[in-house]
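Number of protein chains: 2
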Amino acid sequence: MKAGRHRSFDKDIALEQAMEVFWRNGYPGTSLSDLTTAMGINKPSLYSAFGNKENLYKSALEKYVEKHGVIHGKYLFSADKLLTDRVQDYLISIAEMVTDPKLPSGCFVCISTSEIGGTCIPKDAVQAILKINAATKSFLIEAFSNEAMKSSVNSGRSPSVMACFVISLQFGLAVMARNGASFSELKEVIMFSTAQL
Amino acid sequence: MKAGRHRSFDKDIALEQAMEVFWRNGYPGTSLSDLTTAMGINKPSLYSAFGNKENLYKSALEKYVEKHGVIHGKYLFSADKLLTDRVQDYLISIAEMVTDPKLPSGCFVCISTSEIGGTCIPKDAVQAILKINAATKSFLIEAFSNEAMKSSVNSGRSPSVMACFVISLQFGLAVMARNGASFSELKEVIMFSTAQL
DNA sequence: GTAATTATGTACCGATAAGTATAGATCTGT
DNA sequence: ACAGATCTATACTTATCGGTACATAATTAC
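Listed in order, the protein sequences are those of chains A and B.
Per our numbering, residue 1 is the first one in the first sequence, and the count goes up by one each step.
Per our numbering, residue 198 is the first one in the second sequence, and the count goes up by one each step.
See the structure below:
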């Protein structure tokens with residue numbers, strides 16, 4: 001055990017709380033006192049545990065991907081289902097999350113992406129966001145290039161275009177949720193959009 | 198002519214400049230000095246002409262809809278075209294705008310919608326944003342309920358679901374643009390998404 | 001020309017932003 | 001028990017936030 005006084009809060013729980021605040025308010029919309037209040041700690045503790053606001057934000061993004069991002073991917077790899085059903089399951093899982101009343105509405109990464117372009121988000125954080133979106137695209141391309149997929153109905157379609165299509169749809173659903181759309185509305189959009197696959 | 202010193206700047210041009218700053222940085226990401234710098238005026242002039250930050254924001258939103266929003270709608274009403282082509286033209290017009298290098302990337306209304314939900318945007322401004330999105334939806338529903346449309350290929354589809362589908366796609370394209378997507382990538386997504394219509 | 005009116009520029013206001021110095025509390029290793 | 005290490009709480013710093021008071025410049029009405 002390391003010497004010195006023990007941390008009186010759970011770093012992981014505090015990070016989740018910070019994540020929710022950033023998710024709800026965005027980067028420039030979140031102040032340090034918003035964070036310390038939500039996390040139940042005070043500023044020196046925050047700075048010693050997470051560095052600074054920008055670093056905490058980047059950690060919150062990682063946390064989000066780990067906790068609310070990667071979980072949907074499995075639906076794209078259900079062995080014995082058609083492509084249409086897989087993509088639908090994937091998107092429906094996302095639609096459930098972005099409308100989950102226990103969480104901030106929408107998608108943290110989508111909101112962060114929307115905030116790119118201004119001067120308000122630090123450069124490193126912008127890179128982190130771009131990297132997450134690039135990873136999502138790679139993941140989707142891989143899924144659509146998969147052996148099992150190739151043999152499915154979608155032969156002849158570019159995996160890259162399909163990946164962009166799905167990412168666009170994800171983003172669209174997330175913003176719709178932010179606008180107050182219900183899960184069932186989003187589901188209708190998903191069924192409509194994926195009918196052709 | 199009214200008495201007193203004349204305004205030394207063009208109110209409409211100043212509003213457009215404010216619109217671009219809000220568009221680029223979002224509401225909480227934009228400071229009054231960002232605004233006064235871009236508009237080329239100082240604070241008392243801003244306050245006397247536009248009220249305050251929130252009011253200027255609402256005026257900027259109106260300006261955006263008027264200048265960059267309504268122009269796309271005409272493509273949905275081209276008399277002698279198929280539904281698919283109309284929707285494609287509409288979305289391509291939007292894709293051109295959200296990737297226009299002379300303008301901030303993405304869509305101002307989409308970014309504003311993403312900022313809903315936090316505490317950072319004043320209540321009245323949130324209402325203004327929701328109203329714009331509701332108007333867009335009504336407009337699309339009307340387009341899809343149109344006599345000419347009914348006789349087209351889409352018979353049997355709910356105009357409301359189609360409207361949600363198109364709005365989701367718009368939002369998705371806008372966020373993609375913010376992420377650095379090119380016009381041609383967005384066009385591919387559009388052609389892919391609308392192939393079934 | 002003079003009074004009334006309106007816009008501009010500077011300098012300011014209190015509040016809050018992100019971040020830190022410092023002192024005291026709490027722990028481990030010896 | 002004591003030394004060294006680490007965390008916490010309060011209070012502080014500097015900069016900027018949104019917004020305004022006030023004096024001055026420019027304009028019209030008479």
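In this text, a Cβ means the ideal position worked out from N, Cα and C, and glycines have one as well.
Just so it is clear, the structure is predicted and the values come from calculations on it, not from any experiment.
Those residues which DSSP pairs with residue i across a bridge
i: A:I190; result: Answer is none; A:I190 lacks a bridge partner.
i: A:G200; result: Residue 200 of chain A lies beyond the residue range present for chain A, which begins at 1 and ends at 197; the question has no answer from this structure.
CB contact check: residue i to chain A, cutoff 9 Å
i: B:N249; result: no
i: B:I163; result: Any question about residue 163 of chain B goes unanswered here, given that chain B covers just 198 to 394.
i: B:P298; result: no
i: B:R283; result: no
i: B:D321; result: no
i: B:Q406; result: Here chain B has residues from 198 to 394 only, and residue 406 of chain B is not among them.
i: B:Y254; result: no
i: B:P225; result: yes
i: B:L370; result: yes
i: B:R375; result: yes
i: B:I336; result: Residue identity differs from the one stated: residue 336 of chain B is Phe in this sequence, not Ile. No, its Cβ sits nowhere closer than 9 Å to a Cβ of chain A.
i: B:V358; result: yes
i: B:L327; result: yes
i: B:F380; result: no
i: B:S230; result: no
i: B:S355; result: yes
i: B:P301; result: yes
i: B:F389; result: yes
Limits of the alpha helix (DSSP H) - the one that residue i falls within
i: B:G369; result: P356 to R375
i: B:F247; result: K240 to F247
i: B:A257; result: K250 to Y261
i: B:N343; result: No alpha helix (DSSP H) contains B:N343, which DSSP labels as neither H nor E.
i: A:S33; result: L32 to M39
i: A:I94; result: L83 to V98
i: B:R221; result: K208 to N222
Any C-beta of chain B under 9 Å from that of residue i
i: A:G69; result: no
i: A:Q17; result: no
i: A:A37; result: For clarity, residue 37 of chain A is Thr in the given sequence; the question names Ala instead. Not closer than 9 Å to any Cβ of chain B, the Cβ of A:T37 fails to qualify, so no.
i: A:M97; result: no
i: A:E188; result: yes
i: A:I116; result: yes
i: A:F144; result: no
i: A:R7; result: no
i: A:S165; result: The question names Ser, yet the displayed sequence has Phe at residue 165 of chain A. For A:F165, the answer is yes, since a Cβ of chain B falls inside 9 Å of its Cβ.
i: A:S247; result: With chain A represented from 1 up to 197, any question about residue 247 of chain A goes unanswered, as that position is not in the structure.
i: A:A195; result: yes
i: A:S93; result: no
i: A:I13; result: no
i: A:N25; result: yes
i: A:I41; result: no
Rounded distance between the beta-carbons of residue j and residue i, thought under 8 Å
i: B:V372; j: A:T113; result: 5 Å
i: B:G226; j: A:E115; result: 7 Å
i: A:L61; j: A:L35; result: Incorrect: roughly 14 Å between the Cβ atoms, too far for contact.
i: B:L383; j: B:T296; result: 7 Å
i: A:L130; j: B:N222; result: Contact flag wrong, Cβ pair sits at about 18 Å.
i: A:Y64; j: A:F108; result: 5 Å
i: A:L173; j: B:S365; result: 6 Å
i: A:L181; j: A:L76; result: Strictly speaking, residue 181 of chain A in this sequence is Ala, with Leu absent from that position. About 23 Å; that fails the 8 Å criterion.
i: A:E96; j: A:F183; result: 6 Å
i: B:I387; j: B:L300; result: The pair is not a contact, with the Cβ atoms about 19 Å apart (cut-off 8 Å).
Near the ligand SAH: residue i beta-carbon under 8 Å from a heavy atom
i: B:F219; result: For the structure depicted, the ligand SAH is absent and the ligand set is empty, with no information on it obtainable.
Legend entry - Segment contact, 8 Å Cβ cut-off, at least three pairs: the segment 183 to 196 of chain A with the segment 83 to 95 of chain A: yes
Inset, instruction - Answer yes if the segment 232 to 249 of chain B comes into contact with the segment 320 to 328 of chain B, meaning at least three C-beta pairs across the two stretches below 8 Å, and no otherwise. - result: no
Legend entry - Any 3 or more C-beta pairs closer than 8 Å across the segment 334 to 345 of chain B and the segment 353 to 366 of chain B: yes
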